[in-house]
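Undergrad: Can you read through this structure? Questions will come right after.
Protein chains: 2
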Amino acid sequence: MANLDAAFSALADPTRRAILARLALGEATVMELVEPFELTQPAISRHLKVLEGAGLIVRRAEGTKRPCRLAPTAVAEIDQWLGMLRRALETNYDRLDGVLAAMKPEK
Amino acid sequence: MANLDAAFSALADPTRRAILARLALGEATVMELVEPFELTQPAISRHLKVLEGAGLIVRRAEGTKRPCRLAPTAVAEIDQWLGMLRRALETNYDRLDGVLAAMKPEK
DNA sequence: CGGTTATATAACATATACGTTATATAACCG
DNA sequence: CGGTTATATAACGTATATGTTATATAACCG
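Quick mapping for you: the protein sequence lines, in order, are chains B and F.
Okay, so the first sequence: first residue is -16 according to this note's numbering, each after it adds one.
Okay, so the second sequence: first residue is -16 according to this note's numbering, each after it adds one.
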């Protein structure tokens, strides 16, 4: 799962998560994404490249503009991997419940 | 959500994801976690420190040993944040469906 | 107590990440 | 065509991550 590296790594940066949150509201161009941040345009462009590389966003060409929007695949992959942890946590929790239930009568 | 930085950052490393996958099977000591990897014990100890700092694992003391197990909180936080993306993707997908549905009759 | 085992920390090298400014590319518009 | 706008890339500095080896701490065991 080499792609999980890129996806989680992309999500580790707060600016990139903010960009994704903005894109959750709908498509946006690079300059529209630059505006709310106190960062330069090249910085945002590189963040977008990282997000695109991680499969978290897709882009199209529209004249000079390159609008970005959310891509579904990476989120699905992440969910799938986290599912493993979720299931394990549920299992362990059940086990703990079992232990507690077994202890109760003795007290 | 400063903690998401740490959580996603921790998950970005394949060794740490492998450690979590191992812990999904149940508690393990540091040396038990060192064994399957081609890494030194200090390297694993530091990965564990990162995972603990991110709230992904918890540890107890048992004599000389310090067994690790999965912690639930960080996964829940991650799920919550990803939920925002999931909902947005569903919404955008619906919107696309709507567009396609509106186009079909015209063809 | 003294040696062994389990784990953590320090010190260090190297690679990667993230920001900046300067510049390139490429479409648009008068 | 020439200027403006939108975006990408290059070059660079600095911080952080990841690994290593060497060493510290601390519990256990004979």
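Backbone N, C-alpha and C fix where the C-beta goes; we use that ideal spot for every residue, glycine too.
Could you tell me whether the stretch -6 to 1 of chain B touches the stretch -14 to -6 of chain F, where touching means 3 or more Cβ pairs closer than 8 Å?
TA: Contact between the stretch -6 to 1 of chain B and the stretch -14 to -6 of chain F is present, because at least three Cβ pairs lie under 8 Å.
Undergrad: With 8 Å as the limit, tell me which residues of the stretch 49 to 61 of chain B have their beta carbon closer than that to any beta carbon of chain F; keep them in chain order.
TA: The stretch 49 to 61 of chain B vs chain F, Cβ under 8 Å: Arg52, Leu53, Pro55, Val58 and Ile61.
Undergrad: How should leucine 8 of chain B be labelled, buried or exposed, when 16 other C-beta atoms within 10 angstroms of its C-beta is the threshold for buried?
TA: Exposed.
Undergrad: Between leucine 65 of chain B and isoleucine 61 of chain F, how many whole angstroms is the CB-CB distance? I'm expecting something under 8 Å.
TA: Going by Cβ atoms, the distance from leucine 65 of chain B to isoleucine 61 of chain F rounds to 7 Å, so yes, they are a contact pair.
Undergrad: Cβ atoms of cysteine 51 of chain B and leucine 22 of chain B: under 9 Å apart, would you say?
TA: Result no, Cβ atoms of leucine 22 of chain B and cysteine 51 of chain B do not sit closer than 9 Å.
Undergrad: Among residues of its own chain, excluding the 5 on either side of threonine 56 of chain F, which ones have a beta-carbon nearer than 8 Å to its beta-carbon?
TA: Only Gly38 meet the Cβ criterion.
Undergrad: Between the Cα of arginine 43 of chain B and those of B:Asn75, B:Thr12, B:Ala71 and B:Arg(-1), spot the shortest distance and give me the residue it belongs to.
TA: Among B:Asn75, B:Thr12, B:Ala71 and B:Arg(-1), the Cα nearest to that of arginine 43 of chain B belongs to B:Thr12.
Undergrad: For arginine 43 of chain B, which residues in chain F fall below 8 Å Cβ to Cβ?
TA: Correct list: empty, because the minimum Cβ distance to chain F is about 13 Å.
Undergrad: Counting only runs that start and end within the stretch 10 to 72 of chain F, where is the beta strand (DSSP E) found for 3 or more residues in a row?
TA: Complete beta strand (DSSP E) runs here, min 3: 40 to 42 and 51 to 53.
Undergrad: Straight-line CA distance for arginine 69 of chain F to glycine 46 of chain F?
TA: Cα-Cα distance, rounded: 44 Å.
Undergrad: Rounding to the nearest angstrom, what Cα-Cα distance links phenylalanine 20 of chain F and lysine 48 of chain F in this structure?
TA: If I take the Cα positions, the gap works out to 19 Å.
Undergrad: Would you decide whether arginine -1 of chain B is buried or exposed? Buried here means 16 or more other CB atoms lie within 10 Å of its CB.
TA: It is buried - the Cβ of arginine -1 of chain B has at least 16 other Cβ atoms within 10 Å.
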